[in-house]
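*Asks:* Before anything else, here's the structure in question.
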Amino acid sequence: MEMFNAFGFVEKVMKEACWINETVFWKPDEDNRKNIMRHGRIQDTEDGLSEFPHTVLNQARIHDFYLELMRNSASRLKPNYSRRVVDVVVDPAQADAVTLGAEAYPVTVKLERTDDAHKGSVETVRARYVVGCDGARSAVRQSLGRALQGDSANQAWGVMDVLAVTDFPDIRMKAAIHSANEGNILIIPREGGYLTRLYIELDKLKEDERVASRNITSNQLVTAAQRILHPYILDVKEIAWWSVYDIGQRLCDKFDDVPLEEVGSRAPHLFIAGDACHTHSPKAGQGMNVSMRDTFNLGWKIASVLQGKASPALLDTYTTERQTVAKELIDFDRTFAKMFSAPPKGSPEDKGDGVDPKEFQKYFVKQGASPPARQSSTTLADLRRADPSASCQGPGDRDAFPLRAGGSPLRCQAHALRPHGESGWPLAAVRLRRRQRSRRAGVRTQRPVPVPERLPDSPVRKYTPPGDAVDSIFDLRAICQQGFRELSLDAFPSCCGRARDVTDCTTTRRSFAPI
-4 MEMFNAFGFV
6 EKVMKEACWI
16 NETVFWKPDE
26 DNRKNIMRHG
36 RIQDTEDGLS
46 EFPHTVLNQA
56 RIHDFYLELM
66 RNSASRLKPN
76 YSRRVVDVVV
86 DPAQADAVTL
96 GAEAYPVTVK
106 LERTDDAHKG
116 SVETVRARYV
126 VGCDGARSAV
136 RQSLGRALQG
146 DSANQAWGVM
156 DVLAVTDFPD
166 IRMKAAIHSA
176 NEGNILIIPR
186 EGGYLTRLYI
196 ELDKLKEDER
206 VASRNITSNQ
216 LVTAAQRILH
226 PYILDVKEIA
236 WWSVYDIGQR
246 LCDKFDDVPL
256 EEVGSRAPHL
266 FIAGDACHTH
276 SPKAGQGMNV
286 SMRDTFNLGW
296 KIASVLQGKA
306 SPALLDTYTT
316 ERQTVAKELI
326 DFDRTFAKMF
336 SAPPKGSPED
346 KGDGVDPKEF
356 QKYFVKQGAS
366 PPARQSSTTL
376 ADLRRADPSA
386 SCQGPGDRDA
396 FPLRAGGSPL
406 RCQAHALRPH
416 GESGWPLAAV
426 RLRRRQRSRR
436 AGVRTQRPVP
446 VPERLPDSPV
456 RKYTPPGDAV
466 DSIFDLRAIC
476 QQGFRELSLD
486 AFPSCCGRAR
496 DVTDCTTTRR
506 SFAPI
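Residue numbers (our numbering): -4 to 510.
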């Protein structure tokens, strides 16, 4: 949701999505093991995780929002479909030249057209950077000579989006359901008020057996769901979509084209992201969320390099940061999948591998703070390591207090600083000096720190190229200590107070104070 806010369509997502507020837990009825009974209810995500709600929305709608954003961009971007990657090659000599700053295009991609009008024809594209987001069978990853490494849980699952009539009381809640002998279900309510996602545990698979060999049908999934939900009725009227899968957790050893022993000697130019470099259970939207974070992380770095704002060495941090998150996710997913499939501890079905229902609930709460939701700190800077007394606020943290710029609506502290990718690096000045009385407003205010671009050791002065705008590298913000009603804008530096923006008009959007 924080990413969607950065791209400007979070309100659309919140309007259309189903909000998930609580999770309920069901287990076998102690008096009749064929039935299920509710035994727990928890808040879905912990307080303080985000100022945004936990929402569920079809991936296709998110895709639509991104396409709309592309169409409305300055470059009027649009995807080119009906092409298959044949080969990807990086020229090491040109790659070294790009590292040194020369204009070169070291990556050559061959694409085969698959549309009827041009079927079989091959196109050649030369690029400075290429990102492979082409799934678990990634052709880009294969061109790198890398492979997904890991194992399978040998457990088959089915998933369905259904319209159904049921007397199950928690059909519009996120529900984790354990039956005695029929398997387990995770219910996720979908947007619109009627559609429901069912993750249905099926049979164990033999060693090296693939779920595709079982020829499982949608009717089998419906029957399995009905058995698990007994004594409640599930009458499926329509199946909007369904699939079957086996759980596997796999990770690529590196997410770019530079061998480990050559890191630092040349910059990467070929990258993989999403399922191309890590796969795991599809429950809880983990794949989609983590994959978007992959490319969000990589996107602003490539943009910074292309704009000359950062060294190509910055691109080495992509693998370092995102592989760490992917490994955390896979470790989490492996434990979560095992716990979900285990019988309740102490039940007649427990063969020594049972899980305490209360521990399972605790782990569900932890899921809200798992890698998909709370990203690891960047390797570029760690304020806590540099200064133990520093207060580090990430994009998902709630406000200690809300902020207001002039008469504008209240804003989250994190959103007072624009995220990477929209402009320069966000830089806020929050330490103000002695009080003074404003000559214009007649209110007590505080004298701010000196103007950032005039300080001899200021990063603004150090890193902004001569002749460029003061905010071309750093996106400056000023946060005052007193309430906004006591504040006069002439107390702020000109670059943050009554500053002029790209329209050459006066703006107060860079000056903030608590309510």
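Here a beta-carbon is modelled for each residue, glycine too, at the ideal position from N, C-alpha and C.
1. Are the Cβ atoms of Val540 and Pro343 separated by less than 9 Å?
2. Taking C-alpha atoms, which residue in Glu25, Val104 and Gly341 lies nearest to Glu118?
3. Taking just the CA atoms, how far does Tyr124 sit from Phe266?
4. Please state whether DSSP places Asn30 in a helix, a strand or coil.
5. Taking all protein chains shown into account, decide if Gln551 is buried (16 or more other Cβ within 10 angstroms of its Cβ) or exposed.
6. Considering only the alpha carbon of each residue, which of Met9, Cys475, Lys249 and Asp452 lies closest to Leu139?
7. Let me check one thing: in DSSP terms, what residues is His273 bridge-paired to?
8. Please determine if the segment 57 to 75 and the segment 32 to 46 are in contact, where contact requires at least 3 C-beta pairs separated by less than 8 Å.
9. For the beta strand (DSSP E) containing Phe266, list its first residue and its last residue.
10. Could you say which of Ala175, Gly178, Glu177 and Tyr194 lies nearest to Pro184 if we only look at CA atoms?
11. Per the DSSP calculation, Val104 is bridged to which residue(s)?
12. Is Trp236 buried or exposed, if buried means 16 or more other CB atoms sit within 10 Å of its CB?
13. Taking the straight line between their C-alpha atoms, what separation do you get for Gly341 and Asn179?
14. Determine the DSSP secondary structure at Met155, reduced to helix, strand or coil.
15. Just the C-alpha distance for Glu(-3) and Lys7, rounded to the nearest angstrom, thanks.
16. Whole-angstrom Cβ separation of Ala464 and Arg505, contact assumed at under 8 Å?
17. Count the CB pairs spanning the segment 284 to 292 and the segment 147 to 162 that are closer than 8 Å, and state whether there are at least three.
18. Measuring CA to CA, which of Ala122, His34 and Ala268 is closest to Asp24?
19. Check whether the Cβ atoms of Asp251 and Asp311 sit closer than 9 Å, and answer yes or no.
20. By DSSP, does Ala321 sit in helix, in strand, or in coil?
21. Just confirm the distance between the C-beta atoms of Ala271 and Val135, as a whole number of angstroms; I'd bet it's less than 8 Å.
22. Just list the residues that DSSP pairs Gln144 with in beta bridges.
23. Starting from Glu10, trace the beta strand (DSSP E) both ways and give me its first and last residue.
24. Can you look up Ala219 in the DSSP assignment and give me helix, strand or coil?
25. Could you compute how far the alpha carbon of Lys278 sits from the alpha carbon of Leu200?
26. In chain order, what residues of the same chain have a beta carbon less than 7 Å from the beta carbon of Gly437, not counting five sequence neighbours either side?
27. Leaving out the 5 sequence neighbours to the left and right, which residues in its chain are closer than 8 Å to Ala308 when beta-carbon positions are compared?
28. How about Glu233 and Arg56: are their beta carbons less than 9 Å apart?
29. Judging by CA-CA distance, which residue of Ser70, Val80, His273 and Val85 is the nearest neighbour of Gly115?
30. Is Phe163 near Tyr227, with beta carbons less than 9 Å apart?
31. In angstroms with no decimal places, state the Cα-to-Cα distance between Asp129 and Leu181.
32. Pick helix, strand or coil for Phe335, following the three-state DSSP scheme.
33. DSSP beta-bridge partners for Lys199?
34. Starting from Thr290, trace the alpha helix (DSSP H) in both directions and tell me its first and last residue.
35. Residues in the same chain with beta-carbon distance under 6 Å from Trp14, minus the five sequence neighbours each way, listed in chain order, please.
36. Could you tell me the alpha carbon to alpha carbon distance between Val455 and Gly462, rounded to whole angstroms?
*Replies:* Quick answer:
1. Look at the range of the chain in this structure, -4 to 510, and you will see that residue 540 is not part of it.
2. Here residue 118 corresponds to residue number 123 of the sequence shown, with the count starting at 1. Taking only the C-alpha atoms, the option nearest Glu118 is Val104.
3. Within the sequence shown, numbered from 1, the residue matching residue 266 stands at position 271. Within the sequence shown, numbered from 1, the residue matching residue 124 stands at position 129. For Phe266 and Tyr124, the distance between alpha carbons rounds to 8 Å.
4. Counting from one through the sequence shown, the residue named residue 30 turns up at place 35. Coil.
5. This structure cannot speak to residue 551, because the chain is shown only from -4 to 510.
6. For the purposes of this step, residue 139 is taken as residue 144 along the sequence shown, with counting starting at 1. Checking every option, the nearest Cα to that of Leu139 belongs to Lys249.
7. In the sequence shown, the residue the question calls residue 273 occupies position 278. DSSP lists Leu246 as the beta-bridge partner residues of His273.
8. no
9. Stepping through the sequence shown from its first residue, residue 266 is reached at position 271. Unbroken beta strand (DSSP E) run through Phe266: Leu265 to Ile267.
10. Numbered from its first residue, the sequence shown carries residue 184 at position 189. For Pro184, the nearest C-alpha among the options comes from Tyr194.
11. Counted from its first residue, the sequence shown places residue 104 at position 109. Bridge partners of Val104: Val83 and Val120.
12. Numbered from 1 along the sequence shown, position 241 holds the residue referred to as residue 236. By the neighbour-count rule (16 or more Cβ atoms within 10 Å), Trp236 is not buried but exposed.
13. As a working note, residue 341 is residue 346 in the sequence shown. As a working note, residue 179 is residue 184 in the sequence shown. Rounded to the nearest angstrom, the two C-alpha atoms are 17 Å apart.
14. As a working mapping, residue 155 is identified with position 160 in the sequence shown. In this structure, Met155 counts as strand in the three-state DSSP scheme.
15. Walking along the sequence shown from the start, residue -3 turns up at place 2. Walking along the sequence shown from the start, residue 7 turns up at place 12. Their Cα atoms are separated by approximately 13 Å.
16. Here the question's residue 464 lines up with position 469 in the sequence shown. Here the question's residue 505 lines up with position 510 in the sequence shown. Not confirmed; about 13 Å, so no contact.
17. no
18. In the sequence shown, the residue the question calls residue 24 occupies position 29. Checking every option, the nearest Cα to that of Asp24 belongs to His34.
19. Locating residue 251 in the sequence shown gives position 256, where the first residue counts as 1. Locating residue 311 in the sequence shown gives position 316, where the first residue counts as 1. Yes, the pair counts as a contact, with Cβ atoms nearer than the cut-off.
20. Stepping through the sequence shown from its first residue, residue 321 is reached at position 326. Helix, per DSSP.
21. Here residue 271 is taken as the residue at index 276 of the sequence shown, counted from 1. Here residue 135 is taken as the residue at index 140 of the sequence shown, counted from 1. Yes, they are in contact, since the Cβ atoms of Ala271 and Val135 sit about 6 Å apart, within 8 Å.
22. What you label residue 144 is simply residue 149 of the sequence shown in a count that begins at 1. DSSP output for Gln144 lists Leu246 as bridge partner(s).
23. In the sequence shown, the residue the question calls residue 10 occupies position 15. It should be noted that the sequence gives Lys, not Glu, for residue 10. Secondary structure note for Lys10: it is in no beta strand (DSSP E), and the uninterrupted alpha helix (DSSP H) holding it is Val5 to Glu11.
24. As a working note, residue 219 is residue 224 in the sequence shown. Ala219: helix per DSSP, three-state reduction.
25. If you number the sequence shown from 1, residue 278 lands on position 283. If you number the sequence shown from 1, residue 200 lands on position 205. Their backbone Cα atoms lie some 19 Å apart in a straight line.
26. For this step, residue 437 is matched to residue 442 along the sequence shown. For Gly437, the pLDDT reaches just 47, beneath the cut-off of 50, and the residue's location in the model is therefore unreliable, although a value from the coordinates is still provided. Excluding residues within five positions, none has a Cβ falling inside 7 Å.
27. Taking the sequence shown and counting its residues from 1, the one referred to as residue 308 is at position 313. Answer for Ala308: Gly259 and Ala262, listed in chain order.
28. Position 238 of the sequence shown holds residue 233. Position 61 of the sequence shown holds residue 56. No, the pair does not count as a contact, with Cβ atoms beyond the cut-off.
29. Taking the first residue of the sequence shown as 1, we reach residue 115 at position 120. That would be Val80, whose Cα lies nearest to the Cα of Gly115.
30. Position 168 of the sequence shown, counting from 1, holds the residue named residue 163. Position 232 of the sequence shown, counting from 1, holds the residue named residue 227. Yes; because the gap between Cβ atoms is below 9 Å, this pair is in contact.
31. Position 134 of the sequence shown, counted from the first residue, corresponds to residue 129. Position 186 of the sequence shown, counted from the first residue, corresponds to residue 181. Rounded to the nearest angstrom, the two C-alpha atoms are 28 Å apart.
32. Locating residue 335 in the sequence shown gives position 340, counting from the first residue. If DSSP states are grouped into helix, strand and coil, Phe335 belongs with the helices.
33. The residue given as residue 199 occupies position 204 in the sequence shown. The partner list for Lys199 (beta bridge, DSSP) reads Gln150.
34. If you number the sequence shown from 1, residue 290 lands on position 295. Here the alpha helix (DSSP H) through Thr290 covers Gln281 to Leu301.
35. The residue you call residue 14 lines up with position 19 of the sequence shown. Answer for Trp14: Pro48 and Thr50, listed in chain order.
36. Mapped onto the sequence shown, residue 455 falls at position 460. Mapped onto the sequence shown, residue 462 falls at position 467. Taken atom to atom, the span from the alpha-carbon of Val455 to that of Gly462 is near 13 Å.
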